[in-house]
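Student:
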Amino acid sequence: MELKENVNLQKLPKHVAIIMDGNGRWAKQKGNQRIFGHKNGVKAVREVTEAAAEIGVQYLTLYAFSTENWNRPKIEIDALMQLLVSTIHSETKTLLKNNVRLMAIGDRESLPLSVQNNLQDSINQTAKNTGLTLVLALSYSSRWEITNAVKKIALAIENKQLSHEDINEQLFSNYLTTKDIPDPELLIRTSGEYRISNFLLWQIAYSELYFTNKLWPDYRKDDFYEAIIDFQNRERRFGKTSEQLSDER
Ligand code: IPE
Ligand code: IPE
Ligand code: MG
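Going left to right, the sequence shown walks through residues 24 to 272 as the working numbering numbers them.
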């Protein structure tokens, strides 16, 4: 039986976020340059996007480039930016065909203009799609996002548009770049690293974490279904006791 058939469609996470990691090691294992790994990671992005859309996940967020990744060698950054431009450009047709809406989170202004323009173009073209929302985290880091939110709230208070009394979790969430995107129920990281690397710190407060040793370029639909099935077998207690949950059922 296919793994996909074991996914319980009544118990799907609305939002899955993925830290796509291991491209460099994958390339190195094959005696190639790191960028070869990034190029081969595009297939995994395609597969996971399709897999998520097929079962009916509503939001898929992919960590594609972190604020800290700007500290990599220039040659790798340039190649990654080039890959982003060409991939966004060439995949837009497929996004349209599959009813996928593209969004982006992160410090978009820090990206090269060519990336910004391609991204905005694809976002505009897919804005009316009603299927999966694919969120690309680009030049994203959670501490950047949270600091930025604090600045905007401070400014709103200074301008008397807001009082400090108005600040609550909901309001704060609305100042993040993930405004209008529900928190992910499931966070996946590939490549056997057990860390968050400055990703969605506020939003993953109650996410289920799933780690796999697979390197990102080897990641396929079945790996995604496996993570979803694992998620579905967990008991999410949100601070309550197991007995309370059974009583509520
Ligand atoms: C993830 O793969 C992609 C990005 C961070 C852009 P890495 O490039 O981090 O690959 P490893 O972790 O060095 O193997
Ligand atoms: C996290 O991966 C960022 C992305 C996947 C885009 P990194 O490979 O940059 O993270 P660290 O440096 O291992 O924590
Ligand atoms: Mg890495």
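Glycine included, each C-beta is placed from N, C-alpha and C at the ideal position.
1. Would the C-beta of phenylalanine 234 count as close to ligand 2, meaning under 6 angstroms from any of its heavy atoms?
2. Using only the heavy atoms of ligand 2, determine whether one of them is closer than 6 angstroms to the beta carbon of serine 89.
3. Let me confirm a value: tryptophan 239 is counted as buried when at least 16 other C-beta atoms fall within 10 Å, else exposed. Which label applies?
4. If you measure from each residue's Cβ to the nearest non-hydrogen atom of ligand 1, which ones come out under 5 angstroms, in chain order?
5. Using alpha carbons as the reference points, say which of Ile146, Tyr198, Glu114 lies closest to glutamate 70.
6. Starting from the C-beta of proline 135, find all residues in its chain whose C-beta is less than 7 angstroms away, skip the five residues before and the five after it, and write them out in chain order.
7. Taking C-beta to C-beta, are leucine 125 and leucine 118 nearer than 7 angstroms?
8. Alpha carbon to alpha carbon, how far is alanine 76 from asparagine 152? Give it in angstroms, no decimals.
9. Can you tell me which of the three DSSP states methionine 43 falls into?
10. Please specify which runs of the beta strand (DSSP E), each continuous and at least 3 residues long, are wholly inside the region 40-123, giving them in chain order.
11. Just reading off the beta strand (DSSP E) that isoleucine 227 is part of, what are its end residues?
12. Exposed or buried, tyrosine 86, counting other C-beta atoms within 10 Å across all chains shown (16 or more means buried)?
13. Classify phenylalanine 234 as helix, strand or coil using the three-state DSSP reduction.
14. When every heavy atom of ligand 2 is checked, does at least one fall within less than 6 angstroms of the C-beta of asparagine 121?
15. Short of 6 angstroms in beta carbon distance, which residues of its chain neighbour phenylalanine 247, apart from the five on each side in sequence? Order them along the chain.
16. Let me check one thing: in DSSP terms, what residues is leucine 142 bridge-paired to?
17. Return the chain-ordered list of same chain residues with a C-beta closer than 6 angstroms to the C-beta of glycine 215, the five sequence neighbours on each side being excluded.
18. Does phenylalanine 254 pass the burial test, meaning 16 or more other C-beta atoms within 10 Å, or should it be called exposed?
19. Nearer than 6 angstroms: is that true of the beta carbon of serine 220 relative to any heavy atom of ligand 2?
20. Please work out which residues of its chain come closer than 6 angstroms, Cβ to Cβ, to arginine 257, disregarding the five sequence neighbours upstream and downstream, and give them in chain order.
21. Using a 10 Å radius around the Cβ and a threshold of 16 neighbouring Cβ atoms, would you call phenylalanine 222 buried or exposed?
22. Quick one: is the Cβ of tyrosine 86 within less than 6 angstroms of any heavy atom of ligand 2?
Tutor: Let me lay it out:
1. no
2. yes
3. By the Cβ-count criterion, tryptophan 239 is buried, with 16 or more other Cβ atoms from all chains shown falling within 10 Å of its own Cβ.
4. Asp44, Gly45, Asn46, Gly47, Arg48
5. Glu114
6. Taken in chain order, the residues that qualify are Met104.
7. Their beta carbons are under 7 angstroms apart, which means leucine 125 touches leucine 118 by this criterion.
8. 12 angstroms
9. coil
10. 82-89
11. No beta strand (DSSP E) contains isoleucine 227, which DSSP labels as neither H nor E.
12. buried
13. strand
14. No - ligand 2 has no heavy atom lying nearer than 6 angstroms to the Cβ of asparagine 121.
15. Val71, Ala74
16. Paired residues: none, contrary to the question.
17. Asn236
18. buried
19. yes
20. Glu231
21. Here phenylalanine 222 is buried: its Cβ has 16 or more other Cβ atoms, across all protein chains shown, within 10 Å.
22. yes
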